[in-house]
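Undergrad: After the structure tokens below, expect a handful of questions from me.
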Amino acid sequence: MIFISRFCIALLVISVLSACGNNTPASNDIANSPTPVYTRITEKTLNALPTSVENAVLSIQVGDGDPIGFDIETLEALGVVEYRVMDSQAIGEEATFRGILVRDLLELVGIPAEASKLVITAYDDYRVEIPLSDIQQYPVLLATMTNGERMGLDAFGPTRFVYPYGFYNLDPSVYDPRWIWSVKTIVIR
């Protein structure tokens, strides 16, 4: 009987002590979090590829297939999210970006098993290659808005790639060049 009482007291003490622990991560732990904090603004309503887009701002090509055109409204039908990050590339300050997760776009168009990268070209012909592993590992955003405003070509738009800086330990020497803006084409290779 004494053994059972001591066991129950020990169990009670362990329960109380574990409940007193701090469940919030330390500020430096967020940089290692598997999912950054983003807010879902709208749910996905697009479940099939667009057949014809009159005012396409972006085209996506899977391998050697035909390009698929997307306008802003069609892109945003994939579900809009937002997060706030430091934009050292364009405006030099923190900004709130809204757009779609690139992985949602790639899921819609389909990724061939042999694909390993995205070749992205901007309207000014700047080109960058992004490994598909980035898209699988991080919630990379194809932004359509900055600080609540649509982005024209003169404001780094109409779409741009945004990485979740501050939520992951991303080396700027590797990831800064991948913040491509004024995205014109994405080719999956």
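If you count the sequence shown from 1, you need to add 10 to reach the working numbering.
Glycine included, every Cβ here is placed at the ideal spot set by N, Cα and C.
Between Met-96 and the rest of its own chain, which residues show a CB-CB distance below 7 Å, the 5 nearest in sequence each way excluded?
TA: Glu-104, Tyr-175 and Gly-176
Undergrad: Please list, in chain order, all residues of the same chain as Tyr-185 whose beta carbon is under 6 Å from its beta carbon, the five residues on each side excluded.
TA: Tyr-173
Undergrad: In the DSSP assignment, what residue or residues form a beta bridge with Ser-69?
TA: Gly-79 and Thr-195
Undergrad: Go through its chain and collect everything with a Cβ distance to Ile-190's Cβ below 6 Å, but skip five positions before and after it.
TA: Ile-130, Ala-132, Val-138 and Phe-171
Undergrad: In this structure, how does DSSP classify Ile-51 when only helix, strand and coil are distinguished?
TA: coil
Undergrad: Does the stretch 87-102 come within contact of the stretch 67-77, defined as at least 3 CB pairs closer than 8 Å?
TA: no
Undergrad: Is there a C-beta anywhere in chain D that falls below 8 Å from the one on Thr-55?
TA: The structure shown contains no chain D; it is built from a single protein chain.
Undergrad: Roughly how many whole angstroms lie between the Cα atoms of Thr-84 and Pro-149?
TA: 20 Å
Undergrad: Could you tell me the alpha carbon to alpha carbon distance between Glu-117 and Val-47, rounded to whole angstroms?
TA: 21 Å
Undergrad: Identify, in the order they occur along the chain, each residue of the same chain with its Cβ nearer than 8 Å to the Cβ of Arg-199, setting aside the five sequence neighbours on each side.
TA: Gly-73, Ala-125, Ser-126, Lys-127, Leu-128 and Val-129
Undergrad: Where does Ile-101 land, buried or exposed, given buried means 16+ other C-beta within 10 angstroms?
TA: Answer is exposed; the Cβ neighbour count stays below 16.
Undergrad: Which residues mark the beginning and the end of the alpha helix (DSSP H) in which Gly-184 is found?
TA: As written in the sequence, residue 184 is Val, which differs from the Gly given in the question. That run of the alpha helix (DSSP H) goes 182-185.
Undergrad: Out of curiosity, what's the CA-to-CA distance linking Asn-42 and Asp-144?
TA: Any answer about Asn-42 is weak, because its pLDDT of 47 lies below 50 and its placement is not dependable; what the coordinates show is given next. Approximately 15 Å, taken between the alpha carbons.
Undergrad: Given Tyr-136, which residues of its chain have a CB within under 7 Å of its CB, disregarding the five upstream and five downstream residues?
TA: Non-local C-beta neighbours of Tyr-136 in its own chain, meaning closer than 7 Å and more than five positions away in sequence, comprise Ile-190, ordered along the chain.
Undergrad: Of the choices Pro-60, Ser-98, Leu-151 and Thr-195, whose alpha-carbon is the least far from that of Val-112?
TA: Leu-151
Undergrad: If you drop the 5 nearest sequence neighbours on each side, which residues of the same chain put their C-beta closer than 6 Å to that of Asn-65?
TA: Asp-81
Undergrad: State buried or exposed for Pro-187, treating a residue as buried only when at least 16 other CB atoms are found within 10 Å of its CB.
TA: exposed
Undergrad: Short of 7 Å in beta carbon distance, which residues of its chain neighbour Ile-51, apart from the five on each side in sequence? Order them along the chain.
TA: Val-90, Val-91, Glu-92 and Arg-108
Undergrad: Can you grab the Cα-Cα spacing for the pair Ser-69 / Lys-194, in whole Å?
TA: 7 Å
Undergrad: Please check the pair Ser-192 and Asp-134, which I expect to be a contact at CB under 8 Å, by giving their CB distance rounded to whole angstroms.
TA: Correct: roughly 6 Å between the Cβ atoms.
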